[in-house]
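Residue numbering for the sequence shown follows my numbering, starting at 1119 and increasing by one per position.
Note that the Cβ used here is the ideal one computed from N, Cα and C, for glycine as well.
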Amino acid sequence: MKDSTQAQAARPALALDGLATKLPPHVWFGVSAIFHYLGPAFAVLLFPHVGVLGMAWLRIATAALIFAPLTRPWRSFARADRSTRLLLLAFGACLAVMNCSFYLALARSPISLVAAIEFVGTIGVAVIGLRSVRNLAALAVAVTGTLLLIDVKWSSDPVGLFWAFLNGALFVGYIVLGHRVARTGAGDGIAGLGAAMAVAFILVLPVGFADALPAFFSPPLLIAAIGVGICSSVIPYICDQLAMSRLPRSSFALMLSLLPVTATLIGVIVLRQIPSFYDCVGVALVVAGVAFHKPASTD
1119 MKDSTQAQAA RPALALDGLA TKLPPHVWFG VSAIFHYLGP AFAVLLFPHV
1169 GVLGMAWLRI ATAALIFAPL TRPWRSFARA DRSTRLLLLA FGACLAVMNC
1219 SFYLALARSP ISLVAAIEFV GTIGVAVIGL RSVRNLAALA VAVTGTLLLI
1269 DVKWSSDPVG LFWAFLNGAL FVGYIVLGHR VARTGAGDGI AGLGAAMAVA
1319 FILVLPVGFA DALPAFFSPP LLIAAIGVGI CSSVIPYICD QLAMSRLPRS
1369 SFALMLSLLP VTATLIGVIV LRQIPSFYDC VGVALVVAGV AFHKPASTD
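#1: DSSP three-state call for Asp1199: helix, strand or coil?
#2: Compute the Euclidean distance between the alpha carbons of Val1322 and Cys1398, then round it to the nearest angstrom.
#3: Ser1201: buried (16+ other C-beta within 10 angstroms of its C-beta) or exposed?
#4: Starting from Gly1278, trace the alpha helix (DSSP H) in both directions and tell me its first and last residue.
#5: Going along the chain, which residues of its own chain have a beta-carbon closer than 7 Å to the beta-carbon of Ala1208, five neighbours each way excluded?
#6: Quick one, which of Phe1147, Pro1142, Lys1140 has its alpha-carbon nearest Ile1075's?
#7: Can you list, in chain order, the residues of its chain whose CB lies under 8 Å from that of Thr1180, leaving out five sequence neighbours each side?
#8: Where does Arg1190 fall in DSSP's three states?
#9: Return the residue from the list Ser1336, Leu1204, Ala1318, Met1362 that minimises the CA-CA distance to Phe1185.
#10: Measure how close the beta-carbons of Asp1306 and Ser1227 come, nearest whole angstrom, since I'm counting them as under 8 Å.
#11: List the whole-angstrom C-beta distance separating Cys1218 from Leu1164, where the pair is believed to meet the contact cut-off of C-beta under 8 Å.
#12: With DSSP run on the structure shown, which of helix, strand or coil describes Ala1061?
#13: Taking C-beta to C-beta, are Gly1312 and Thr1302 nearer than 8 Å?
#14: What did DSSP end up calling Pro1366 once you bin it into helix, strand or coil?
#15: Under the rule that 16 or more other beta-carbon atoms within 10 Å means buried, what is Ile1293, buried or exposed?
#16: So what does DSSP say about Gly1307, is it helix, strand or coil?
#17: Go through its chain and collect everything with a Cβ distance to Trp1281's Cβ below 6 Å, but skip five positions before and after it.
#18: Nearest by alpha-carbon distance to Leu1284: which of Arg1203, Ala1233, Val1168 is it?
#19: Under the three-state reduction of DSSP, which class applies to Pro1428: helix, strand or coil?
#20: Using 10 angstroms around the beta-carbon of Val1261, count the other beta-carbons present and answer buried if the total reaches 16, otherwise exposed.
#21: Below 8 Å between beta carbons: does that hold for Pro1143 and Ala1361?
#22: How would you call Phe1153, buried or exposed, if buried means at least 16 neighbouring beta carbons within 10 angstroms?
#23: Go ahead and pull the three-state DSSP assignment for Val1210.
#24: For Leu1213, is the classification buried or exposed, using 16 other Cβ atoms within 10 angstroms of its Cβ as the cut-off for buried?
#25: Out of Ala1196, Ser1194, Leu1374, Ala1182, point me to the one whose CA is closest to Phe1289's CA.
#26: Can you list, in chain order, the residues of its chain with a C-beta nearer than 7 Å to that of Val1215? Leave out the 5 residues immediately preceding and following it.
#27: Out of curiosity, what's the CA-to-CA distance linking Leu1331 and Ala1211?
#28: Over the uninterrupted alpha helix (DSSP H) stretch that includes Ile1344, give me the two end residues.
Encoded structure:
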């Protein structure tokens, strides 16, 4: 009976592992990168209605409730050893504080500044694992392109800068911890993500619930908040796990330089914001850097 139960539990993981290998990891990352900016764009519009922490609560709650029946986080904790449980707890705490600090930074600082600070940490992660001259050159080209894309305007708001730097540090934690979770395979990685999201929900439960209450009395507002949660924490995090399960950590960190590219493309398509000549050069350099990079077999 026990063997039968374990076999049934392994089937979803094997199915997701198969899904991860059907497409190149770059495709999964591309989907994640697109939704990485769609979610915050909608979230900022909801800040006046549910508050910053209320929006963070609704985002995490939506993701946790969607993941719960699919990944059964209680089972992940029950069958995990002590080190894995500590990893999932740390990952969940990172997700909770990172999401809150990200929204708190967006409420006080330009998204370009928040994105720039967020990208600084990923450069360090990429440099640590890029052991060849070719990959270091690829990183330099991608960073140059990113700097051309990001219009950085320094902020005079120290509180906003604090939240932006905290978010940047935790984003590095998300890459490191998320990659460790993904190393068990795409299926088990997503199960671990569901468990971590349950932890994040428990941690933010007393923080933003009061601010989120107005959404429960306004169906359109609640639907919009659920949409933000799906766009921000369900689709991109799943795609990240599918990509991380097959990419070395340094390669994944380097590919994060594509985020300003997707932001530029979304600006053209959704907001009709036509990029400048330097923006186009930046896009070309980032794409060239990522294309020139050769992932290592291990990280």
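In terms of the structure at hand:
#1: Three-state DSSP puts Asp1199 in coil, outside helix and strand.
#2: Each residue's alpha carbon lies about 40 Å from the other.
#3: Flag for Ser1201 reads exposed.
#4: Run containing Gly1278: 1276-1300, per the alpha helix (DSSP H) assignment.
#5: The residues are Leu1295.
#6: Nothing about residue 1075 can be reported from this structure: the residues present for the chain run from 1119 to 1417 only.
#7: Correct list, in chain order: Ala1343, Ile1344, Val1346, Gly1347, Ile1348, Ser1351, Val1352.
#8: If DSSP states are grouped into helix, strand and coil, Arg1190 belongs with coil.
#9: Check the Cα spacing between Phe1185 and each of Ser1336, Leu1204, Ala1318, Met1362: the tightest is with Ala1318.
#10: Distance from Asp1306 to Ser1227 at the Cβ level is roughly 37 Å; contact not present, criterion being Cβ atoms closer than 8 Å.
#11: No, Cys1218 and Leu1164 are not in contact; Cβ-Cβ is about 15 Å, not under 8 Å.
#12: Lying outside 1119 to 1417, the shown extent of the chain, residue 1061 is not represented and no answer is given.
#13: Going by C-beta atoms, Gly1312 is not nearer than 8 Å to Thr1302.
#14: Correct three-state label for Pro1366: coil.
#15: Classification of Ile1293: buried, given that the 10 Å Cβ count is 16 or more.
#16: The answer is helix: DSSP assigns Gly1307 an H, G or I state.
#17: When the five nearest sequence neighbours on each side are left out, the beta carbons in the same chain lying within less than 6 Å of the beta carbon of Trp1281 are those of Ser1219, Leu1222, Ala1223, in order along the chain.
#18: Relative to Leu1284, the option among Arg1203, Ala1233, Val1168 whose CA is nearest is Ala1233.
#19: The structure shown does not extend to residue 1428, since the chain is modelled only from 1119 through 1417, so no value can be given for it.
#20: Buried, by the Cβ-count rule.
#21: One thing to note: Pro1143 has its Cβ within 8 Å of the Cβ of Ala1361.
#22: The residue in question, Phe1153, is buried, as its Cβ has 16 or more Cβ neighbours within 10 Å.
#23: Sequence check: residue 1210 is Gly here, not Val. DSSP places Gly1210 in helix when its eight states are reduced to three.
#24: With 16 or more Cβ atoms within 10 Å of its Cβ, Leu1213 is classed as buried.
#25: Selection Ala1196, Ser1194, Leu1374, Ala1182 evaluated against Phe1289 yields Leu1374 as nearest (Cα-Cα).
#26: These residues qualify, in order along the chain: Leu1288.
#27: Their backbone Cα atoms lie some 23 Å apart in a straight line.
#28: Here the alpha helix (DSSP H) through Ile1344 covers 1337-1347.
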